[in-house]
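Below: one structure, written as C-alpha cells.
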Amino acid sequence: MKVLFLAHRIPFPPNKGDKIRSFNVLRYLAARHEVHVGCLVDDDADLRYVPKLRELARDVSFGRIHPRLGRIAALPGMLRSRALSVSYFHSGNLQQWVDEVLSTQGIEAIFCSCSPMAEYLFQSRFPEKVASAVRVMDLIDVDSEKWRQYAATRPAWAAWIYRYEARCLALYESRIVRSFDRVLVVSEAEKGQIPRELQLPSVRSMPNGVDLEYFSPSHAGRFPAVEPLLVFTGVMDYWPNVDGVQWFVEKIFPRIRERVPDVRLLIVGNRPTAQVRKLATTPGVTVTGFVEDVRDYVGAAEVCVVPLRIARGIQNKLLEAMAMGKAVVSTPEAFEGLRAEAGRDVLVAPDEAAFAEATIQLLGDKQRAAAIGRNARVCVERHYAWESNLGALDDLIRPDTAKPTESKWAT
23 MKVLFLAHRI
33 PFPPNKGDKI
43 RSFNVLRYLA
53 ARHEVHVGCL
63 VDDDADLRYV
73 PKLRELARDV
83 SFGRIHPRLG
93 RIAALPGMLR
103 SRALSVSYFH
113 SGNLQQWVDE
123 VLSTQGIEAI
133 FCSCSPMAEY
143 LFQSRFPEKV
153 ASAVRVMDLI
163 DVDSEKWRQY
173 AATRPAWAAW
183 IYRYEARCLA
193 LYESRIVRSF
203 DRVLVVSEAE
213 KGQIPRELQL
223 PSVRSMPNGV
233 DLEYFSPSHA
243 GRFPAVEPLL
253 VFTGVMDYWP
263 NVDGVQWFVE
273 KIFPRIRERV
283 PDVRLLIVGN
293 RPTAQVRKLA
303 TTPGVTVTGF
313 VEDVRDYVGA
323 AEVCVVPLRI
333 ARGIQNKLLE
343 AMAMGKAVVS
353 TPEAFEGLRA
363 EAGRDVLVAP
373 DEAAFAEATI
383 QLLGDKQRAA
393 AIGRNARVCV
403 ERHYAWESNL
413 GALDDLIRPD
423 TAKPTESKWA
433 T
C-alpha cells in the first residue's frame with residue numbers, strides 16, 4: 023500500500039515520549055508499505071536526522087517551526103477559538119507537500135501521529151483524495167485532558183490559557199473522532215478519558231512498546247555508583263517532569279536521606295530548566311543534563327523513581343526501567359494505564375510518606391528489589407514488545423476492515 027505518514031515532530035531519534043512511538047510505528051509501516059513521511063522540525067539539531075528517515079521512507083518532507091515565532095503566529099487563531107497547538111504545528115510549506123502527495127501518489131492510507139496533524143487533512147485542497155484513503159489518527163494521549171491538568175496546577179494568571187487550550191482541543195478531538203476511520207490511544211485508561219458520546223467502535227487502544235534488546239538487564243551501566251543510587255530520567259524542560267522532580271527533591275528526598283544518609287539522586291535528561299538545575303544545590307542531588315546513553319545511568323541505579331503528579335498515557339521512562347530489570351517506585355498517576363501489578367512489578371506510592379517509605383525499603387532489601395526488577399522485566403516482555411503491539415496496524419489500515427459505518431469525513 024501507499025501510505026502518507028504525518029508526525030508533529032520528526033520521528034527520530036526515538037529518545038522521548040511521542041517520538042519513540044511515532045518512530046516505531048513508522049519503522050513497522052515502512053517495512054511493509056511504501057511510505058511518504060511529512061513532519062515538523064522545531065530544533066535545528068534535528069535536521070541531521072532527516073537522512074535517517076530517508077533510509078526508511080520513499081519520500082520525506084518537513085516544515086520548519088521557529089518556537090518563539092510559532093507561538094506568536096498561533097495567537098490570531100484564538101479569535102476563531104482555534105486550539106493553539108493546532109495553529110503552532112501547521113506549516114504552509116508542509117501543507118503544499120501534503121497536497122502534492124495526495125494529488126499525485128495514489129495514497130491509500132493516511133496515518134497521523136498526534137492531533138494537530140489532522141489539520142493537514144482538514145485544510146487539504148483535495149478532500150476527495152483524503153476521503154478515499156483509510157484515515158488513522160494516533161492521538162497517543164487525550165491532550166485536552168493534559169491541558170486541563172496543567173490548568174489545575176498553574177498560577178491563576180497562567181491557568182486561563184491552559185483552560186482555553188483544553189476546551190478548544192477537546193472540540194478538535196471530537197471532530198477527529200467523528201472524521202477518522204480509526205482513532206488510537208495508548209491504553210484503555212486513556213480511552214476512558216474520551217467522552218462517552220464519542221466512544222465509537224473506531225476508537226481503540228494500541229499500547230506502547232519498549233526495545234527489549236536495547237533496554238536489557240545485561241546493560242549494567244558504566245556510571246560509577248558507590249553510594250545507594252536513585253535515578254529519574256526524562257526530558258527536563260517538560261513541565262510534568264519538572265514538577266515531579268521538584269516535588270521529589272523538596273518533599274520526598276529529605277525523608278529518604280534521614281534514613282539512608284549516603285543516598286544519591288541523579289536527574290538524567292536533556293534541557294534542564296533553571297528550576298531543575300537549581301535542584302543540584304541540594305545535598306546528594308546531581309543534574310546531568312544531556313547524556314549519550316541513558317542506560318548507563320538506569321543500569322547503575324538501585325531504584326528508579328517516577329514521581330509524576332501530572333501524567334497521561336504510558337510512561338516510557340517506566341517501561342525502560344522495567345525492561346532493564348530495575349525496581350521502580352511510581353506515583354499512581356504515572357502507573358495508570360500500565361498492564362502491570364502494583365506491589366509485584368512496580369511499587370506504587372500515593373503520597374510523600376508512602377513514596378519515601380517504599381524507596382527506603384527497596385534500598386534496604388536488595389533481594390526484594392531484585393525480585394521486583396525480575397517481575398518487571400517479565401511484565402514488559404509479556405505486554406510491551408513493539409512487534410506484537412504494532413501488529414494491530416495491519417488490519418487498521420486495510421481498506422476492507424478500516425471503514426466503520428460510524429466514521430464520516432467531516433470537512
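The C-terminal residue of the sequence shown carries number 433 in our numbering, and the numbering is unbroken. By construction, the Cβ of each residue, glycine as well, lies at the ideal position given by its N, Cα and C atoms.
C-alpha distance - residue i paired with residue j, whole-angstrom precision
i, j, result
"Q221", "D64", "34 Å"
"F34", "L75", "7 Å"
"T427", "F202", "Unreliable placement is indicated for T427, whose pLDDT of 44 sits below 50; the coordinate value is still reported in the next sentence. Distance between the alpha carbons of T427 and F202 is about 11 Å."
"E212", "N338", "15 Å"
"P372", "V72", "42 Å"
"A356", "S125", "43 Å"
"Q118", "D165", "27 Å"
"T295", "G311", "10 Å"
"D66", "A375", "43 Å"
"F436", "W182", "In the structure as shown, the chain begins at 23 and stops at 433. Residue 436 is therefore absent and cannot be evaluated."
"F377", "V123", "52 Å"
"D284", "S135", "44 Å"
"G291", "P223", "39 Å"
"V313", "K151", "44 Å"
"A349", "D160", "31 Å"
"W261", "A174", "13 Å"
"G92", "V158", "26 Å"
"P354", "I394", "17 Å"
"V264", "V325", "19 Å"
"C401", "D233", "14 Å"
"R366", "D387", "15 Å"
"I336", "E358", "7 Å"
"V120", "R396", "46 Å"
"R54", "P149", "26 Å"
"R104", "I419", "29 Å"
"A155", "R204", "12 Å"
Nonlocal neighbours in the same chain, by C-beta distance under 6 Å from residue i, ignoring five residues either side
i, result
"L369", "V351, A380"
"H405", "R361"
"N411", "P229, G231"
"F254", "V267, I289, V327"
"S227", "V207, S209, E210, K213"
"A364", "V370"
"R277", "A378"
Integer-rounded CB distance, given that residue j should sit under 8 Å from residue i
i, j, result
"C61", "F45", "Contact doesn't hold; Cβ gap of about 11 Å is too wide."
"M23", "E130", "5 Å"
"R334", "K168", "5 Å"
"A79", "V57", "5 Å"
"R399", "D318", "About 18 Å separates the two Cβ atoms, so there is no contact after all."
"I332", "Y172", "7 Å"
"Y194", "S137", "6 Å"
"M139", "A52", "Actually they do not touch by this definition, with Cβ atoms about 17 Å apart."
"R252", "L287", "For clarity, residue 252 is Leu in the given sequence; the question names Arg instead. With 8 Å as the limit, L252 and L287 qualify as a contact, their Cβ atoms being about 5 Å apart."
"I162", "R43", "6 Å"
"V225", "V199", "6 Å"
N- and C-terminal bounds of the beta strand (DSSP E) containing residue i
i, result
"F45", "Element bounds for F45: not the beta strand (DSSP E) but the alpha helix (DSSP H), 39-52."
"V253", "251-255"
"A29", "24-29"
"F133", "131-135"
"M159", "156-162"
"V248", "Segment: none, V248 is in no beta strand (DSSP E) and carries neither H nor E."
"T310", "307-311"
"L62", "56-63"
"D265", "Looking at the DSSP string, D265 is not in any beta strand (DSSP E); the run it does join, the alpha helix (DSSP H), is 261-269."
"L288", "286-290"
"F84", "81-86"
"V232", "Careful: V232 lies outside any beta strand (DSSP E) and carries neither H nor E."
"S352", "349-352"
Start-to-end residues for the alpha helix (DSSP H) that takes in residue i
i, result
"I94", "89-96"
"S410", "408-412"
"G395", "388-405"
"V434", "The structure shown does not extend to residue 434, since the chain is modelled only from 23 to 433, so the question has no answer here."
"R185", "178-201"
"V72", "72-78"
Own chain, CB closer than 7 Å to residue i, minus 5 neighbours either side, in chain order
i, result
"V282", "P250, I382, L385"
"A437", "Nothing in the structure corresponds to residue 437, since the chain is present only between 23 and 433."
"R176", "Y184"
"G321", "H241, A242, G243, M346"
Close-in-space but distant-in-sequence residues of the same chain around residue i (CB under 8 Å, 5 per side omitted)
i, result
"L301", "V267, Q268, V271, I289, V307, V309"
"R279", "V285, P305, G306"
"A391", "E324, V325, A349, L384, L385"
Residue i: CB within 8 Å of a non-hydrogen atom of the ligand FAD
i, result
"R90", "This structure lacks the ligand FAD; in fact it carries no ligand of any kind."
| message | Check whether the stretch 137-150 and the stretch 183-190 are in contact - that is, three or more C-beta pairs closer than 8 Å. | response | No, because fewer than three Cβ pairs between the stretch 137-150 and the stretch 183-190 fall closer than 8 Å, the two stretches do not touch.
| query | Pairing CB atoms from the stretch 341-360 with CB atoms from the stretch 235-246, are three or more of them under 8 Å? | reply | Contact holds: three or more Cβ-Cβ distances are below 8 Å.
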